[in-house]
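Remarks on the structure that follows.
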Amino acid sequence: MLKERIRLAEEIYDSSKRPHPLIEEILALVKYKDLLVQFVSRSIKTRYKRSVLGVFWTMLNPLLTMIVLTLVFSSLFKFEVKNYSVYVLSGLVIWSFFSSTTSAAMGEMIWSGNLLSRIYVPKSVFAVSAIGTGLVNLVLSLIPLFLIALFLGVRLHLAILTMPLAILLLAAFALGIGLLLATAAVFFADMLPVYEVILTIWMYATPIIYPIEVVPEHLVWVLKLNPMYYLLEIFREPLFEGIIPDASMWLISAGAAIIALVLGGLIFTSKSNEYAYRI
Amino acid sequence: MNTLIASNQETTAEVRSDTEPVITFEGVSVRYRVPQERVSGIKEFAIRWLQRRISYEEFWALKDVSFQVSSGEVFGIVGRNGAGKSTMLKVMARVLQPTAGRVVMRGRLAPLLELGGGFHPELVGRENVYLNMALLGYSHDQTAQLFDSIVEFAEIREFIDAPLRTYSTGMVARLGFAVATSVRPDILLVDEVLSVGDTRFQEKCLDRMNSFQEQGTTIAIVSHSMATIADFCNRALWLDHGQVKAMGDVNEVVTQYTQ
Numbered sequence: 001m002l003k004e005r006i007r008l009a010e011e012i013y014d015s016s017k018r019p020h021p022l023i024e025e026i027l028a029l030v031k032y033k034d035l036l037v038q039f040v041s042r043s044i045k046t047r048y049k050r051s052v053l054g055v056f057w058t059m060l061n062p063l064l065t066m067i068v069l070t071l072v073f074s075s076l077f078k079f080e081v082k083n084y085s086v087y088v089l090s091g092l093v094i095w096s097f098f099s100s101t102t103s104a105a106m107g108e109m110i111w112s113g114n115l116l117s118r119i120y121v122p123k124s125v126f127a128v129s130a131i132g133t134g135l136v137n138l139v140l141s142l143i144p145l146f147l148i149a150l151f152l153g154v155r156l157h158l159a160i161l162t163m164p165l166a167i168l169l170l171a172a173f174a175l176g177i178g179l180l181l182a183t184a185a186v187f188f189a190d191m192l193p194v195y196e197v198i199l200t201i202w203m204y205a206t207p208i209i210y211p212i213e214v215v216p217e218h219l220v221w222v223l224k225l226n227p228m229y230y231l232l233e234i235f236r237e238p239l240f241e242g243i244i245p246d247a248s249m250w251l252i253s254a255g256a257a258i259i260a261l262v263l264g265g266l267i268f269t270s271k272s273n274e275y276a277y278r279i
Numbered sequence: 280m281n282t283l284i285a286s287n288q289e290t291t292a293e294v295r296s297d298t299e300p301v302i303t304f305e306g307v308s309v310r311y312r313v314p315q316e317r318v319s320g321i322k323e324f325a326i327r328w329l330q331r332r333i334s335y336e337e338f339w340a341l342k343d344v345s346f347q348v349s350s351g352e353v354f355g356i357v358g359r360n361g362a363g364k365s366t367m368l369k370v371m372a373r374v375l376q377p378t379a380g381r382v383v384m385r386g387r388l389a390p391l392l393e394l395g396g397g398f399h400p401e402l403v404g405r406e407n408v409y410l411n412m413a414l415l416g417y418s419h420d421q422t423a424q425l426f427d428s429i430v431e432f433a434e435i436r437e438f439i440d441a442p443l444r445t446y447s448t449g450m451v452a453r454l455g456f457a458v459a460t461s462v463r464p465d466i467l468l469v470d471e472v473l474s475v476g477d478t479r480f481q482e483k484c485l486d487r488m489n490s491f492q493e494q495g496t497t498i499a500i501v502s503h504s505m506a507t508i509a510d511f512c513n514r515a516l517w518l519d520h521g522q523v524k525a526m527g528d529v530n531e532v533v534t535q536y537t538q
């Protein structure tokens, strides 16, 4: 009786009447939204299940890195940055979100190959849930960030109210890049190690641990070409300087996010039919 | 079991006559493109691409396959290894898109392929049930309503809050079957999985499948066991090198195939 009540409306799958792959994928994602929630809660639960410190690892990890970097850079290199700890911690929080979500978007897809070759699920669910997991972790790591900022005497301004928008743009950018990586990873088995190298280079091309002022004049173009520079600045400036960044910073960030997301979505869905043949 | 199915046919006949076929294959072909030499790395690919040396070997796993299956039928697919049986199930399950031809599947589909594949060892049984139901497209609320009946059928009530890594193979298989069949699907895809757990549980699984079929579920079975096919199916298709070699009454197809 109960089972009969749960029967859904008749579903018809006709391979000759499929909408555009991107639209089909978005509709399927909406339908499988509970799977997204399951994936996010699964990865958060399994990450902390066997560790004593549990959820505090999310907060502790960037904190420890921050302490080491602060010691190294402010005593050895004598960077003249006021509140260098807050500067570096906010950069690390953003960077670890970007690097972990994009890697996970690609990795989860590869590790789920076995599953994908047996049952139908919208394949972008792995990339989207990687972003979702990253967002939960990011929000958790904002707590120590704000505590430290307050502790070190950073005065918080109303400008920090723009932070959610900055995070949203960053998440969209990461999703787009993650989808592109996931597409590449299915065709090239060595994409994961290659991306790790790219990430290391990319991190040093982004002003996370060094202040922008130390970048020599002739290398500034590297920063200007790096979307992560803009996405990081629109997050960090409101907290660190208490000002809302220029409109140009926002526009470039939004442009990068939209281009990455649209390109990632189109390429991923146009190739998604080939996954089952490859993995 | 033959008699059981024979008697079912009468009850399902009227349901069948006025509805369209549940599974339709129209000239379905599936081509795999296998790189002649395995190119797995980016560097290798770039070198080969520059040298224009990437060549693919085409392999047709299915070639121009057409058939229809009506509501309530149990349809067997037989053939040697590599004949395209699993590819056919994957096309039905939407996992593979046909290279050519058209596939129409009417109704809610449940794949019963290698049970328990979506389980996570670190999560407890309860969490795994929710995760797997979500993988099959059920919402959290729907799963909550079905939860007790799933646990009861799998007979793992006392272990439901233990991590899955502590389960025996039989328990995992039982939970997998219970999840996949928690709601009567319109189409059930079965790939060599009738050897679940002990004999008693196998009986239970067969009973459930029989009762689904009586209520109008269409079942497609791939098996190497001719006994399973002959016992369970009323129609069968013999695939050979991706093409239909014979199709029709199960006994005729099985006789031809075993000759």
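For the record, the sequence lines run as chains A and B.
Just so we're aligned: 29 in this note's numbering is position 29 of the first sequence, and the numbers increase by one with no gaps anywhere.
Just add 279 to wherever you are in the second sequence, counting from 1, and you've got this note's numbering.
Cβ coordinates follow ideal geometry from the N, Cα and C atoms, glycine included.
Checklist entry - Which residue comes first and which comes last in the beta strand (DSSP E) that contains residue 522 (chain B)? => result 522-528
Checklist entry - Looking only at C-alpha atoms, which of B:444, B:470, B:343 sits nearest to residue 46 (chain A)? => result B:444
Checklist entry - Using the beta-carbon of each residue, which ones in chain B are nearer than 8 Å to residue 188 (chain A)? => result 319, 320, 321, 324
Checklist entry - Near residue 464 (chain B), which residues of its chain fall below 7 Å by C-beta distance, leaving aside the five closest residues on each side in sequence? => result 387, 388, 389, 496
Item to check | Proximal residues of chain B, C-beta to C-beta of residue 200 (chain A) below 8 Å | outcome: Under the 8 Å cutoff, chain B gives no residues; its nearest Cβ is about 17 Å from residue 200 (chain A).
Next on the checklist: Using a Cβ-Cβ cutoff of less than 8 Å, which residues in the same chain neighbour residue 212 (chain A) once the five nearest sequence positions on both sides are dropped?
Outcome noted: 223
Checklist entry - Between residue 12 (chain A) and residue 384 (chain B), what straight-line distance do the alpha-carbon atoms span, to the nearest angstrom? => result 6 Å
Checklist entry - Looking at the C-beta of residue 120 (chain A), does it have a partner C-beta in chain B at a distance below 7 Å? => result yes
Next on the checklist: Since residue 105 (chain A) and residue 126 (chain A) should fall inside the 8 Å C-beta cutoff, what is the C-beta to C-beta distance between them, to a whole number of angstroms?
Outcome noted: 7 Å
Item to check | Cβ-Cβ distance between residue 364 (chain B) and residue 308 (chain B) below 7 Å | outcome: no
Checklist entry - Which first and last residues belong to the alpha helix (DSSP H) in which residue 500 (chain B) is found? => result Taken as a continuous stretch (DSSP letters only), residue 500 (chain B) belongs to no alpha helix (DSSP H), being part of the beta strand (DSSP E) at 497-501.
Checklist entry - Taking Cβ positions only, does residue 336 (chain B) come closer than 7 Å to chain A? => result no
Item to check | Sequence ranges, alpha helix (DSSP H) only - wholly within the region 149-227 of chain A, length at least 4 | outcome: 163-187, 191-204, 220-225
Next on the checklist: For a test of the three-state rule: what should DSSP assign to residue 347 (chain B), helix, strand or coil?
Outcome noted: strand
Item to check | Pick from A:100, A:277, A:239 that is closest to residue 162 (chain A), judged by C-alpha positions | outcome: A:239
Checklist entry - Got a sec? Which residues, its chain only, sit under 6 Å from residue 273 (chain A) by beta carbon, not counting five neighbours each side? => result none
Checklist entry - How many Å lie between residue 324 (chain B) and residue 100 (chain A) at the Cα? => result 27 Å
Checklist entry - Which stretch, first to last residue, makes up the beta strand (DSSP E) that contains residue 374 (chain B)? => result Element bounds for residue 374 (chain B): n/a, residue is neither H nor E.
Checklist entry - How many Å lie between residue 407 (chain B) and residue 449 (chain B) at the Cα? => result 16 Å
Next on the checklist: By alpha-carbon positions, which one of A:28, A:270, A:237 ends up nearest to residue 155 (chain A)?
Outcome noted: A:237
Next on the checklist: Counting beta carbon pairs with one atom in the region 101-121 of chain A and one in the region 57-72 of chain A, are three or more of them shorter than 8 Å?
Outcome noted: no
Checklist entry - Is there contact between the region 499-516 of chain B and the region 349-357 of chain B, where contact requires at least three CB pairs shorter than 8 Å? => result yes
Item to check | Validate contact between the region 171-187 of chain A and the region 128-145 of chain A using beta carbons, cut 8 Å, 3 pairs | outcome: yes
Next on the checklist: Please list, in chain order, the chain C residues whose beta carbon lies closer than 7 Å to that of residue 194 (chain A).
Outcome noted: Absence of chain C from the displayed structure is noted, the protein chains being A and B.
Checklist entry - So, using beta-carbon positions, are residue 227 (chain A) and residue 141 (chain A) closer together than 7 Å? => result no
Checklist entry - Using a C-beta cutoff of 7 Å, does residue 26 (chain A) count as contacting chain B? => result no
Checklist entry - Under the three-state reduction of DSSP, which class applies to residue 14 (chain A): helix, strand or coil? => result strand
Item to check | Chain-ordered neighbours of residue 399 (chain B) on chain A, where CB pairs are closer than 8 Å | outcome: 42, 46
Next on the checklist: Between the alpha carbons of residue 25 (chain A) and residue 538 (chain B), how many angstroms are there, rounded?
Outcome noted: 46 Å
Checklist entry - How would you call residue 217 (chain A), buried or exposed, if buried means at least 16 neighbouring beta carbons within 10 angstroms? => result exposed
Checklist entry - Taking residue 381 (chain B) as the reference, which of B:345, B:440, B:531, B:467 has the closest Cα? => result B:345
Item to check | residue 305 (chain B) (DSSP reduced to helix, strand or coil) | outcome: strand
Next on the checklist: Below 9 Å on C-beta distance, what does residue 273 (chain A) contact in chain B?
Outcome noted: 375, 376
Item to check | Integer-rounded CB distance, given that residue 469 (chain B) should sit under 8 Å from residue 539 (chain B) | outcome: Nothing about residue 539 (chain B) can be read from this structure; chain B reaches only from 280 to 538.
Next on the checklist: Between the alpha carbons of residue 533 (chain B) and residue 490 (chain B), how many angstroms are there, rounded?
Outcome noted: 24 Å
Checklist entry - Do you know how far the Cα of residue 261 (chain A) is from the Cα of residue 194 (chain A)? => result 22 Å
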